[in-house]
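Novice: Each number in this note's numbering corresponds to the 1-based position in the sequence shown with 25 added.
Pasting a structure below so you can have a look.
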Amino acid sequence: MQLLLTTFACDNACAFCAQAALRALGRPAGLEEQLTALSEAEPVVLVGGEPLLHPDVTALVQRVSAGRSVGMQTNARRLATPPLAEQLKAAGLGWVEVALHGDRAALHDYHTQRAGSFEQSVAGLTRARLAGLELRISSVVTRSNYRHLPDMVDHFKGLGAQRLRLAAVAPEGEALAQAARLVPAPALVRPYLLEAQRRASSAGLPLELGLAPSAHFAGLGIVAAPGAPGWRRYQAPSATTPPPPGTTAAA
Ligand code: SF4
């Protein structure tokens, strides 16, 4: 899998964004060099920032899709405006992995720090699905949403997701400064994670875990998170987890 970094710009402002300090830079230097260096045999994933904010995103997809599988990690907000999803599908995009961090607006928007982002992302991913793109959904597991993981699996299944991924907060950028607010204790997460796995399994939904290696998660098929050594800096377990505004604690 090859990553194509399209832009640092984003229309969300997630509390855990690893690239928050780079967002104002917009497009990274060296996009042409990245394109030239791509192997012809391997799939390509467009990443950001938010790839849909690149002004030539459809042309980029068209350029890299010749003979390759192409996907995109996105918040999908721009896909709510037609006919972008259809254009991307026609250009050769095969799948989108949409970041949703809750099963309701208050929970998701709390993480993105952008009011209205949940509604727009759901509208966008719905258009993507209807345009024929494979829909994947990913969530970052935080202190504010881990108790909702099982309900999130149900909700994402209802939205038509074909694959799910749960990721740990990456120990980089803004997330490092916000660790105490963001990172849950693994022991608290485990029962909700197990229930989320059970529900995904009974729904026939592949669920990939990209959480930090930890004895608490032993036997759950954990994939080591990128930058895992930095995870140690986050280990500050606490039994008290304040719910985000507008949500009700599930436990
Ligand atoms: S959607 Fe992704 S790139 Fe945008 S602010 Fe959130 S984490 Fe950062």
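Every residue gets a Cβ at the ideal spot worked out from N, C-alpha and C, and that includes glycine.
May I ask you to report which of helix, strand or coil DSSP gives G149?
Specialist: DSSP places G149 in helix when its eight states are reduced to three.
Novice: Got a sec: does ligand 1 put a non-hydrogen atom nearer than 7 Å to the Cβ of N100?
Specialist: Under cutoff, so the answer is yes.
Novice: Quick one: which unbroken alpha helix (DSSP H) runs of 4-plus residues sit fully inside the segment 157-203? Chain order, please.
Specialist: Listed in chain order, the complete alpha helix (DSSP H) runs (minimum 4 residues) inside the segment 157-203 are 174-183, 198-202.
Novice: May I have a chain-ordered list of the alpha helix (DSSP H) segments no shorter than 4 residues that lie completely inside the segment 46-125?
Specialist: With a minimum length of 4 residues, the continuous alpha helix (DSSP H) runs that stay inside the segment 46-125 are 56-62, 82-89, 109-116.
Novice: Which residues in the same chain have their Cβ closer than 6 Å to the Cβ of F228, if we skip the five residues on either side of it in sequence?
Specialist: Note that residue 228 corresponds to Ala in the displayed sequence, not to Phe. K182, listed in sequence order.
Novice: Just checking T137 against ligand 1 - is the residue's beta carbon closer than 7 Å to any of the ligand's heavy atoms?
Specialist: Checking every heavy atom of ligand 1 against the Cβ of T137, one is found closer than 7 Å.
Novice: Among the candidates W120, L230, L63, L71, whose CA atom is the shortest distance from the CA of F33?
Specialist: Comparing Cα-Cα distances from F33 to each of W120, L230, L63, L71, the minimum goes to L71.
Novice: Could you give the first and the last residue of the continuous alpha helix (DSSP H) run that contains Q222?
Specialist: Where Q222 is concerned, the enclosing alpha helix (DSSP H) stretches over 211-227.
Novice: From P75 to V165, what distance separates their C-alpha atoms?
Specialist: Per the sequence shown, residue 75 should be read as Glu rather than Pro. Looking at the two C-alpha atoms, the distance is approximately 16 Å.
Novice: For ligand 1, is there a heavy atom less than 7 Å away from the beta-carbon of A38?
Specialist: Yes, ligand 1 has a heavy atom inside 7 Å of this Cβ.
Novice: Determine the direct distance from the alpha carbon of S142 to that of S239, and round the result to whole angstroms.
Specialist: In this predicted model, S239 has a pLDDT of only 44, less than 50, meaning its place in the structure is not dependable enough to derive any value.
Novice: Among the residues of its own chain, which have a CB less than 7 Å from the CB of G117, if the five just before and after it don't count?
Specialist: Closer than 7 Å at Cβ, skipping near neighbours: V86, Q87, S90, V95.
Novice: Under 6 Å Cβ to Cβ from E122, same chain only, skipping five residues before and after it: list those, please.
Specialist: Answer for E122: Q98, R161, S163, listed in chain order.
Novice: Evaluate S169 with the Cβ neighbour count: other Cβ atoms within 10 Å of its Cβ, from every protein chain shown; 16 or more gives buried, anything less gives exposed.
Specialist: S169 should be labelled buried.
Novice: What distance in whole Å lies between the Cβ atoms of R190 and G235, which are believed to be in contact at a cut-off of 8 Å?
Specialist: Confirmed, Cβ separation roughly 6 Å.
Novice: Report, in whole angstroms, the separation of the C-beta atoms of R152 and A110, which I expect to be a contact under 8 Å.
Specialist: Indeed, because the Cβ distance is near 4 Å, the residues count as touching under 8 Å.
Novice: Of the choices W120, H136, A62, whose alpha-carbon is the least far from that of F37?
Specialist: Note that residue 37 is Asn in the sequence shown, not Phe. Comparing Cα positions, the closest option is H136.
Novice: Compute the minimum distance between the beta carbon of G74 and the heavy atoms of ligand 1, and state whether it is under 7 Å.
Specialist: Yes - ligand 1 has a heavy atom lying nearer than 7 Å to the Cβ of G74.
Novice: Does ligand 1 have a heavy atom nearer than 7 Å to the CB of Q145?
Specialist: No.
Novice: Taking the C-alpha atoms as reference points, what is the distance between R215 and F41?
Specialist: Going by the C-alpha atoms only, they are around 21 Å apart.
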